[in-house]
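Engineer: Before we start, here is the structure in question, set down as structure tokens.
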Amino acid sequence: MLSAIAYGLAVVLSLFCVFIGARFLLAPQASAAGYGVPVKPDEDPAYLTIKGLRDLSYGLLGLALIAFTSAEAVAWYMLIVAINPLGDTLIVLRHGRKAVAFGVHFATAVVILLNAVLLFAL
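Residue numbers for the sequence shown follow the numbering used here, beginning at 43 and rising by one.
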């Protein structure tokens, strides 16, 4: 039962990263607003593309690790990848809304860290 929950959550989190990355590549302005730091339409969208590629890559890497490695490897991956939403929390706290920083980014980091704990327990 624990295995199904731990791996299921890891798959959902990885797919969510793929979705977020694709959304930043396809709809960067809307994605930036959802991220918590909106940009003006006339600004250079380079950082939005970078974020999209980063999130897409992390999501695909997570899925590959889930498919081809051990629970311990996926747990280490989750532990390390939690740095991203923790950093995003700080960025949004500095430049955006506190509700988004804590309600989206920090909450995501907590769920990822919980998933790492579950995977290490297998």
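Think of the CB as a built atom: it goes at the ideal place given N, C-alpha and C, for glycine as much as any other residue.
All values derive from a computational prediction rather than experimental measurement.
1) Give a yes or no on whether the minimum CB-CB distance between Gly76 and chain C is below 7 Å.
2) What number of angstroms, rounded off, separates the C-alpha of Gln71 from the C-alpha of Lys82?
3) Have a look at Leu55 and Gly138 and give me their C-alpha separation to the nearest angstrom.
4) Take Gly104 as the anchor and find which of Leu51, Leu164, Ala163 has the nearest alpha-carbon.
5) Take Ser73 and list the residues in its own chain whose beta-carbon comes closer than 6 Å to its own, dropping the five residues that flank it on each side.
6) How many Å lie between Val123 and Asp84 at the Cα?
7) In this structure, does DSSP put Asp84 in helix, strand or coil?
8) The alpha helix (DSSP H) with Thr131 in it runs from where to where?
9) From what residue to what residue does the alpha helix (DSSP H) around Ser73 run?
10) What is the DSSP secondary structure of Ala163, reduced to helix, strand or coil?
11) Have a look at Tyr100, Phe148, Ala149 and flag the residue whose alpha-carbon is nearest the alpha-carbon of Val53.
12) If we ignore side chains and look at the alpha-carbon of each, how far apart do Gly129 and Met43 end up?
Structural biologist: Reading off the structure:
1) Judged by its chain identifiers, the structure shown contains no chain C, having just a single protein chain.
2) On the sequence shown, position 29 is the one that residue 71 refers to. On the sequence shown, position 40 is the one that residue 82 refers to. Going by the C-alpha atoms only, they are around 8 Å apart.
3) As a position in the sequence shown, residue 55 is number 13, starting the count at 1. As a position in the sequence shown, residue 138 is number 96, starting the count at 1. Looking at the two C-alpha atoms, the distance is approximately 24 Å.
4) Counting from 1 along the sequence shown, the entry for residue 104 is found at position 62. The residue with the shortest Cα to Cα distance from Gly104 is Leu51.
5) By 1-based counting over the sequence shown, the position of residue 73 is 31. Hits under 6 Å: Arg65, Phe66.
6) Residue mapping note: residue 123 aligns to position 81 of the sequence shown, counting from 1. Residue mapping note: residue 84 aligns to position 42 of the sequence shown, counting from 1. Distance between the alpha carbons of Val123 and Asp84 is about 31 Å.
7) Position 42 of the sequence shown, counted from the start, is the residue given in the question as residue 84. Coil at Asp84, not helix or strand.
8) Residue 131 sits at position 89 when you count from the first residue of the sequence shown. Looking at the DSSP string, the run of the alpha helix (DSSP H) that includes Thr131 is 125-137.
9) Position 31 of the sequence shown holds residue 73. Residues 70-77.
10) To locate residue 163, count along the sequence shown from 1; it is residue 121. Ala163 falls in the coil class under three-state DSSP.
11) As a first step, residue 53 must be located in the sequence shown, where it is residue number 11. Ranking Tyr100, Phe148, Ala149 by Cα distance to Val53 puts Tyr100 first.
12) Locating residue 129 in the sequence shown gives position 87, counting from the first residue. Locating residue 43 in the sequence shown gives position 1, counting from the first residue. Cα-Cα distance, rounded: 32 Å.
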